[in-house]
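Please read the structure below before turning to the comments.
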Amino acid sequence: MGKKHAKHITVRRYPVPLNTWAPTRDVGRWLIWFAQEIGDLMAKNTLSLIGTGTPPAFSQGLDWSDDMIKSIVADCHRELPDSKYHSYMIL
Numbered sequence: 001m002g003k004k005h006a007k008h009i010t011v012r013r014y015p016v017p018l019n020t021w022a023p024t025r026d027v028g029r030w031l032i033w034f035a036q037e038i039g040d041l042m043a044k045n046t047l048s049l050i051g052t053g054t055p056p057a058f059s060q061g062l063d064w065s066d067d068m069i070k071s072i073v074a075d076c077h078r079e080l081p082d083s084k085y086h087s088y089m090i091l
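Each residue of the sequence shown is one higher than the last, beginning at 1 in UniProt numbering.
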């Protein structure tokens, strides 16, 4: 097999809100008219990931106690859906 080269690759980055803070208007270069709905879905997905992925990573990787992990997970569950925190992720 010879070398294969990818040509004409376009990388697109999309800002996605992590909760329902985002207004339904232009955000940067992209029209996000559904930003609040996407933010709600992202918050639900992130919270489900935090509940299942955080304990093993923090207990095995950082050697945290169960009480510390439960505290940080509870803080995340309280703060992530709160729309006063304007956070987003680049996809």
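Think of the CB as a built atom: it goes at the ideal place given N, C-alpha and C, for glycine as much as any other residue. Here the structure is a predicted model, which is why all the values come from computation and not from measurement.
(message) Can you give me the C-alpha to C-alpha distance between Gly51 and Val73, rounded to a whole angstrom?
(response) Your numbering for residue 51 matches position 51 in the sequence shown. Your numbering for residue 73 matches position 73 in the sequence shown. Roughly 7 Å between the two C-alpha positions.
(message) Just to confirm my understanding: we take residue 137, look at its own chain, exclude 5 residues before and 5 after, and list those with CB closer than 8 Å. What are they?
(response) Residue numbering for the chain in the displayed model covers 1 to 91; residue 137 lies beyond these limits and cannot be assessed.
(message) Taking the alpha-carbon of His77 as reference, which of Leu49, Leu91, Lys7, Arg13 has the nearest alpha-carbon?
(response) Residue 77 sits at position 77 when you count from the first residue of the sequence shown. The closest CA to that of His77, considering only Leu49, Leu91, Lys7, Arg13, is found on Leu49.
(message) Contact defined as beta carbons within less than 8 Å: I believe Tyr88 pairs with Pro15. What is the distance between those atoms, to the nearest angstrom?
(response) Within the sequence shown, numbered from 1, the residue matching residue 88 stands at position 88. Within the sequence shown, numbered from 1, the residue matching residue 15 stands at position 15. Your pair Tyr88 and Pro15 checks out as a contact, with CB atoms roughly 5 Å apart and the cut at 8 Å.
(message) At the level of alpha carbons, what is the spacing between Gly39 and Leu47?
(response) For the purposes of this step, residue 39 is identified with residue 39 of the sequence shown, where counting begins at 1. For the purposes of this step, residue 47 is identified with residue 47 of the sequence shown, where counting begins at 1. Taken atom to atom, the span from the alpha-carbon of Gly39 to that of Leu47 is near 12 Å.
(message) Alpha carbons only, please: which of Ala22, Lys70, Ile69, Asp63 is nearest the one belonging to Ser83?
(response) Residue numbering aside, residue 83 sits at position 83 when the sequence shown is read from its first letter. Minimum Cα distance to Ser83 is reached at Ala22.
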